[in-house]
Amino acid sequence: MQFSKISTSLGRLGAASAAFLAPVAAFAQEAAAPAAEAAAAVPEKGDTAFMFICTLLVFFMLMPGLALFYGGLVRAKNMLSVLMQCTVVGAAMMLVWVIYGYSFAFGGSTSAYFGGTAKMFLSGVTMDSTAATFSDGVVIPEFIFMLFQMTFAALTPSLIVGAFAERIKFSAVVLFCILWATFVYFPIAHMVWDANGLLFGMGALDFAGGTVVHINAGVAGLVGAIMVGKRVGYGKDMMAPHSMTLTLVGAAMLWVGWFGFNAGSNLEASGGAMLATVNTFLATAAAIVSWSIVETFARGKASMLGAASGMIAGLVAITPAAGIVGPMGAIVMGLIVSPICYFFIAVVKNKFGYDDTADVFGVHGVGGLFGALATGIFASSSLGGIGYAEGVTMGSQFMTQLTAVVITIVWCGVVSAILYKIVDVIVGLRVTVEAEREGLDLASHGEAAYHQ
């Protein structure tokens, strides 16, 4: 989720990928430093305030951003069920994070796959403990680092909800998301962002979560859409979004919140955060325009649903590259990602017939995959990026990115399939046909989003 501080020279990444990928590298080093040296670093109030705001912005992405975005995309009879799923999954993940998730991801273990148990129940995390940023001697309170990471952990499982919306049991959603975070999200977060992590050690680049958040959620969503099965009447009944107004409201909230998502991953209120902010504006704008153009040629009309989808696709694509590529590279990435995602939603999805309700795989999975690979290309200083580490070429970095993507897809895909099966055995995945026809608002929660 985090990257190196972008220096004013912006010419090189540095000699090691540790300078490129995660706050945890410096964080782990600080933990091992002499107590007197660690005590000398005092958090700057400006950086602390910046990270506080970014943390709230990422939370705003979940509540109410994602909930309204997904809610508008389903039928009216299922609106409240989606709101409830996002709300409770997010709340459950916050509790799981502080109990053991933070430790499993950033607990200081030397394992390439597991962060350890040292920080379970926030052991050792106090008002005085600090987390290092990407500048020597610069720290932020560990509480705000932990909370910033918590908002990512709360948002990511909630993204999966859109793939199987309108036909899954509420208990199954909550149970699966807790298990999925435990066995997929936390290990992948450790592998990518911890100094001892497998993908971190390989030099894979992920500024704010292309692999950890979007590929992870997209693949889990695809597996879930297939294993939960199609909605009753899929392909026959009208299943259009019930409120494009709410979908746009939610998408706009996501865009606003995404500035915290990307800029906050710099961990400091510095030039690196501003580069991420610029790129988050430009890639998203380019993707909206690009999707609208593609739809105009393919369908004869540009739709609001398409513009909203382009918005999310652009945000997803720039996430792993936000603090690495230059502004022009961000625009190119935004222009390219929309046609790719559109093709998967309009052609590939129909070809294979899977029912991904809110196109979680088509936008997050495919967009995240493209963004992760494109990061390896547009990081080049010749294309306006901040450059590669010494001895690293565009080709070698691209192969590293590809390897990281494949590992993430395989890990997430296999483990997610196992977890869906376990949940199916324990509580069952699908609601009854009668409940599905009635709508999950009433069938699962005894309430309705709207009253006649």
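Residues in the sequence shown are numbered consecutively from 21, following the working numbering. The beta carbon of each residue, even a glycine, is placed where N, CA and C say it ideally should be. Given the structure is predicted, the values throughout are model-derived calculations rather than measurements.
CA-to-CA distance, residue j to residue i, given in whole angstroms
{"i": "G121", "j": "F206", "result": "6 Å"}
{"i": "T146", "j": "V352", "result": "43 Å"}
{"i": "K369", "j": "D375", "result": "8 Å"}
{"i": "D444", "j": "L295", "result": "45 Å"}
{"i": "L218", "j": "V233", "result": "17 Å"}
{"i": "A469", "j": "F154", "result": "46 Å"}
{"i": "I119", "j": "F203", "result": "15 Å"}
{"i": "A53", "j": "A215", "result": "Caution applies to A53, whose pLDDT of 44 falls short of 50 and renders its modelled position unreliable; the value that the coordinates give is listed next. Those two C-alpha atoms are separated by around 15 Å."}
{"i": "I198", "j": "V269", "result": "28 Å"}
{"i": "T130", "j": "T428", "result": "20 Å"}
{"i": "Y133", "j": "M211", "result": "6 Å"}
{"i": "V109", "j": "T452", "result": "22 Å"}
{"i": "G326", "j": "V314", "result": "9 Å"}
{"i": "S310", "j": "A322", "result": "10 Å"}
{"i": "T137", "j": "W117", "result": "12 Å"}
{"i": "T300", "j": "H465", "result": "37 Å"}
{"i": "A111", "j": "Q169", "result": "14 Å"}
{"i": "W213", "j": "G221", "result": "10 Å"}
{"i": "L82", "j": "A201", "result": "16 Å"}
{"i": "L179", "j": "W431", "result": "18 Å"}
Same chain only: Cβ atoms within 6 Å of residue i, ignoring 5 sequence neighbours per side
{"i": "D379", "result": "I365"}
{"i": "Q105", "result": "V181 and V193"}
{"i": "A209", "result": "A125 and V232"}
{"i": "G346", "result": "G404 and G405"}
{"i": "A293", "result": "A283 and N286"}
CA nearest to the CA of residue i, picked from the options
{"i": "T176", "options": "A215, A87, V159 and S155", "result": "A87"}
{"i": "A463", "options": "M81, V78, V430 and V102", "result": "V102"}
{"i": "G249", "options": "M211, K189, T420 and G346", "result": "K189"}
{"i": "S123", "options": "F141, C106 and S131", "result": "F141"}
{"i": "V94", "options": "F163, A260 and T316", "result": "A260"}
{"i": "E162", "options": "K441, W311 and P63", "result": "P63"}
{"i": "V298", "options": "F279, D148 and V314", "result": "F279"}
{"i": "A307", "options": "I427, V430, C361 and V276", "result": "C361"}
{"i": "L422", "options": "L225, M81, I73 and T75", "result": "L225"}
{"i": "A305", "options": "V345, V78 and A328", "result": "A328"}
{"i": "F398", "options": "G415, H384 and Q169", "result": "G415"}
{"i": "N98", "options": "R187, A240 and S191", "result": "R187"}
{"i": "V367", "options": "L449, I356, A318 and T413", "result": "A318"}
Sheet register partners of residue i (DSSP bridge)
{"i": "T150", "result": "P161"}
{"i": "I188", "result": "R450"}
Contact test: residue i Cβ vs the ligand MN heavy atom, cutoff 7 Å
{"i": "V336", "result": "The ligand content of the structure shown is nil, which means the ligand MN is not present either."}
Beta carbon of residue i nearer than 8 Å to that of residue j
{"i": "M273", "j": "A174", "result": "no"}
{"i": "G135", "j": "G128", "result": "yes"}
{"i": "T395", "j": "G238", "result": "no"}
{"i": "Y408", "j": "S400", "result": "yes"}
{"i": "T75", "j": "T171", "result": "yes"}
{"i": "A333", "j": "S358", "result": "yes"}
{"i": "A303", "j": "G354", "result": "yes"}
{"i": "M247", "j": "Y440", "result": "yes"}
{"i": "L195", "j": "V447", "result": "yes"}
{"i": "V184", "j": "G255", "result": "Inspection of the sequence shows that residue 184 is occupied by Phe rather than by Val. Not a contact, by the Cβ cut-off of 8 Å."}
{"i": "V276", "j": "F80", "result": "yes"}
{"i": "D461", "j": "E467", "result": "yes"}
{"i": "G387", "j": "V434", "result": "no"}
{"i": "G85", "j": "A289", "result": "no"}
{"i": "H262", "j": "A437", "result": "no"}
{"i": "G404", "j": "G349", "result": "yes"}
{"i": "G92", "j": "T265", "result": "yes"}
{"i": "G241", "j": "G391", "result": "no"}
Sequence-distant residues of the same chain with beta carbon closer than 7 Å to residue i, five excluded per side
{"i": "A228", "result": "M21, F281, N282, S285, T339, P340 and A342"}
{"i": "L389", "result": "I235 and V425"}
{"i": "R457", "result": "V252"}
{"i": "T68", "result": "I160, P161 and I164"}
{"i": "L487", "result": "As displayed, the chain neither begins before 21 nor continues past 472, which places residue 487 out of reach and without an answer."}
{"i": "G382", "result": "C361, F364, I365, K369 and D376"}
{"i": "M324", "result": "M264 and L268"}
Cβ shell of residue i (< 8 Å), same chain only, five flanking positions each side left out
{"i": "M393", "result": "For the sequence presented, residue 393 should be read as Leu rather than Met. Cβ within range, chain order: F418, Q421, L422 and V425."}
{"i": "K139", "result": "Y122, S123, F126, G127, G128 and V145"}
{"i": "S191", "result": "V447"}
{"i": "V78", "result": "F168, T171, F172, L175, G277, G280, F281 and G284"}
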